[in-house]
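>
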Ligand SMILES: [Zn+2]
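In this note's numbering, the protein residues as written are 77 to 735.
As structure tokens, this is what we get:
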């Protein structure tokens, strides 16, 4: 039998073959279509909707996961073949007139009116979601909505291609070794390798992240920095790859879509089911933070100019900031590595959160994964002994594995009824080298904690409605459980539980700890103003830009107030801003979420800071009121239940030294 057709807690990763994916998914899709017909004809469409896709979800989770961690050309082809069919099925649901009628019929029944808790929320969320997808529009409205969606997909795809192509179209070859002055050896080696790969002499620099950042941070030659900075900030700003008209078109289409669906603007449409709920709330949130950051921002910029001894241009800022950082903090992050062996980090992290959240983590050495390096663990409730969930870890890079770090779910169970959850966390951490275990940077240790937070959100979930369980929460709330965990990497007490020298077992020396803390707040106001500027320009474009003016000049006029040095007249960074314009929604009207989530995690952590980072009472509260709840209630309500009040940005300001 095809193993993808049979939902199993012990996933037989070693028995799944690429050739099984398409037949299994086709069969499961046919099964979903049949169940959809039954749902429409039946009396309880809501319950049916919640469970209808359970088997399909499992099979897709497994296939998608294997494609990201152990891919082969066959598996990639199989995934690419099934992916469009599956997303077509899901996106067809809110447009299915029969299903919409069945839900409306159900909503009018006595049973629906007497729903409480998660089920009540599921009904209202389902109705809202159908409406946001145009379920209530007359036929001509639905037709126009489809046209807008097609046009948005085309325009955003083209926007993204233009950015990529104009990024790739640039190269700078330095032929003379003396022009490399200031660059670290690693950047010089990378530039040489890049030139070699193009069969060129000299050193080659591009606008891609590592090359661009190294050049702007270290290269002594200001004229070269200026040339590259200008190229970067003029990407996709002229023929033959001009994003100017596309950006205006995307903004107009988004506004038209929002109006058609009964919203004031695109931000209100996108934020309707997020924690902020409305564009003006997010905007006010950012403006408040800005007011509290501006004074320190100006001071930092004045300090940097004093340090450099002259007025600075935009292409000078990173360069002089790095010089200032080195002068102020004699701190080499590499010195931390011996204290962060992966084994100590992971086991220490487990022991911390066993205490804090009342759980027990046990390795399951006999359970095979998708690679020899994969480990399996089980989480029990400490008090009742109940099996809450299991998870896999896969920490090191491999050729057949995608980059980055992430958490994923395989099964959403129901531990209250004896069905545990199943999930996984993956990373691309520094691997061990001969004779030395894997020694992580502090940032990598934070990543391990971050992904474990997402994982606990899934594994500790106790929500009766599958669709509202675990990490299925609002976009601007989902990073609270993950980011809050990173705080345990910054407290003396908790560091002592895992930051131990891999050879001697010594704790992190205090002077190193103090340096690490001080370096954290270096130019924090600049970092914050940069993010606030992006968030504010994003919302202004989606809320206030009136479609008559030039959107690029409009964006520039806003961003100028957030830049550490005067911006040139033709500054067009916004035309390369793929976060906002490279997909129909993406981070559009949602860039504020980065700061929003930081405020939530810094503020929520103050309870642990005050009552103890190992305090099991605060831990139980966080587990019961946040981690267990998924999306079973409005995130603002969940947050208030835990904190007793609304989020307060002061904790973030204090953490970054801005208070
Ligand atoms: Zn995350």
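Idealized CB from N, CA, C, for every residue including glycine. All of these numbers come straight from a predicted model, not from anything done at the bench.
Using 8 Å as the limit for Cβ to Cβ distance, is residue 724 near chain D?
The question asks about chain D, but that chain is absent: this structure has only one protein chain.
> Would the C-beta of residue 526 count as close to ligand 1, meaning under 7 Å from any of its heavy atoms?
Within the cutoff, so yes.
> With a threshold of 16 other CB atoms inside 10 Å of the CB of residue 215, please say whether the residue is buried or exposed.
When all chains shown are included, residue 215 counts as exposed.
> With a cut-off of 8 Å on the beta carbons, I'd call residue 459 and residue 434 a contact; round off their distance for me.
Rounded, the Cβ-Cβ distance is 6 Å, consistent with contact.
> Tell me whether the segment 206-224 and the segment 151-171 touch, counting them as touching only if at least three CB pairs, one residue from each stretch, are closer than 8 Å.
The answer is yes - the segment 151-171 touches the segment 206-224, with three or more Cβ pairs under 8 Å.
> Using the C-alpha atoms, what's the distance from residue 266 back to residue 624?
Rounded to the nearest angstrom, the two C-alpha atoms are 45 Å apart.
> For residue 645, count neighbouring Cβ atoms within 10 angstroms of its own Cβ and tell me buried if that reaches 16, exposed if not.
Flag for residue 645 reads exposed.
> Going by DSSP in three states, residue 83 sits in which element: helix, strand or coil?
In the structure shown, residue 83 sits in coil (DSSP, three-state: anything other than H, G, I, E or B).
> Answer with buried or exposed for residue 160, where buried requires no fewer than 16 other C-beta atoms within 10 angstroms of its C-beta.
Classification of residue 160: exposed, given that the 10 Å Cβ count is below 16.
> Hey, would you say the C-beta of residue 750 is under 7 Å away from at least one heavy atom of ligand 1?
For the chain, the structure presents residues 77 to 735; residue 750 sits outside this window and is missing.
> Counting only runs of 3+ residues fully inside the segment 448-522, write out the beta strand (DSSP E) ranges in chain order.
Runs found: 451-457, 463-470, 482-487 and 497-502.
> Is any heavy atom in ligand 1 found nearer than 7 Å to the beta carbon of residue 669?
Not under cutoff, so the answer is no.
> Under the assumption that residue 412 contacts residue 518 (Cβ atoms under 8 Å), give the Cβ distance between them as a whole number of angstroms.
Contact flag correct, Cβ pair sits at about 5 Å.
> Hey, would you say the C-beta of residue 558 is under 7 Å away from at least one heavy atom of ligand 1?
Residue 558: yes, Cβ under 7 Å from ligand 1.
> How long is the line joining the alpha carbons of residue 696 and residue 153, rounded to whole angstroms?
Each residue's alpha carbon lies about 45 Å from the other.
> Starting from residue 280, follow the alpha helix (DSSP H) in both directions and report where the run begins and ends.
From DSSP, residue 280 is part of no alpha helix (DSSP H) but of the beta strand (DSSP E) over 279-281.
> Taking only the alpha-carbon atoms, compute the straight-line gap between residue 237 and residue 504 and give it to the nearest angstrom.
Each residue's alpha carbon lies about 27 Å from the other.
> I'd like to know if the segment 386-395 and the segment 569-589 are in contact, where contact means that at least 3 CB-CB pairs between them fall below 8 Å.
The answer is no - the segment 569-589 does not touch the segment 386-395, with fewer than three Cβ pairs under 8 Å.
> From residue 687 to residue 88, what does the alpha carbon distance come to, in whole angstroms?
C-alpha separation (whole angstroms): 44 Å.
> Determine the direct distance from the alpha carbon of residue 82 to that of residue 651, and round the result to whole angstroms.
Cα to Cα, the separation comes out at about 47 Å.
> Which ranges does the beta strand (DSSP E) cover as unbroken runs of at least 3 residues, wholly within the segment 234-303, from first to last along the chain?
Runs found: 248-250 and 279-281.
> Between residue 555 and ligand 1, is the CB less than 7 Å from at least one heavy atom?
Yes, the beta carbon of residue 555 sits closer than 7 Å to at least one heavy atom of ligand 1.
> Using CA atoms only, rank isn't needed, just tell me which of 536, 724 and 665 is closest to residue 737.
Summary: the structure shown does not reach residue 737, with the chain confined to residues 77 through 735, and so no result is reported for it.
> Would you list the residues sitting across from residue 438 in a DSSP beta bridge?
454.
> Tell me whether residue 530 counts as near ligand 1, meaning its Cβ is closer than 7 Å to at least one heavy atom of that ligand.
Because some heavy atom of ligand 1 lies under 7 Å away, the Cβ of residue 530 counts as near it: yes.
> At what residues does the alpha helix (DSSP H) containing residue 116 begin and finish?
Its alpha helix (DSSP H) spans residues 94-117.
> Taking the alpha-carbon positions, what's the residue 607 to residue 395 distance?
Near 20 Å, if we compare the C-alpha coordinates of residue 395 and residue 607.
> Pick helix, strand or coil for residue 568, following the three-state DSSP scheme.
Helix, per DSSP.
> What does DSSP give as the partner residues of residue 583 in its beta bridges?
DSSP lists 576 as partners of residue 583.
> What are the start and end residues of the alpha helix (DSSP H) that includes residue 359?
Its alpha helix (DSSP H) spans residues 355-384.
> Let's see if you can read the secondary structure: which residues bound the alpha helix (DSSP H) around residue 202?
193-208 is the span of the alpha helix (DSSP H), which, as asked, contains residue 202.
> If you reduce the DSSP assignment to three classes, tell me which class residue 558 lands in.
Helix, per DSSP.
> Taking the runs of the alpha helix (DSSP H) that are 4 residues or longer, which of them lie wholly in the segment 691-720?
Listed in chain order, the complete alpha helix (DSSP H) runs (minimum 4 residues) inside the segment 691-720 are 692-698 and 711-719.
> Name the two residues that bound the continuous alpha helix (DSSP H) containing residue 608.
Unbroken alpha helix (DSSP H) run through residue 608: 600-619.
> Measuring straight from C-alpha to C-alpha, what distance separates residue 455 and residue 465?
Using only the alpha carbons, I get a separation of about 5 Å.
> Drop a sphere of 10 angstroms on the beta-carbon of residue 721, count the other beta-carbons inside from all chains shown, and report buried for 16 or more, exposed for fewer.
Exposed, by the Cβ-count rule.
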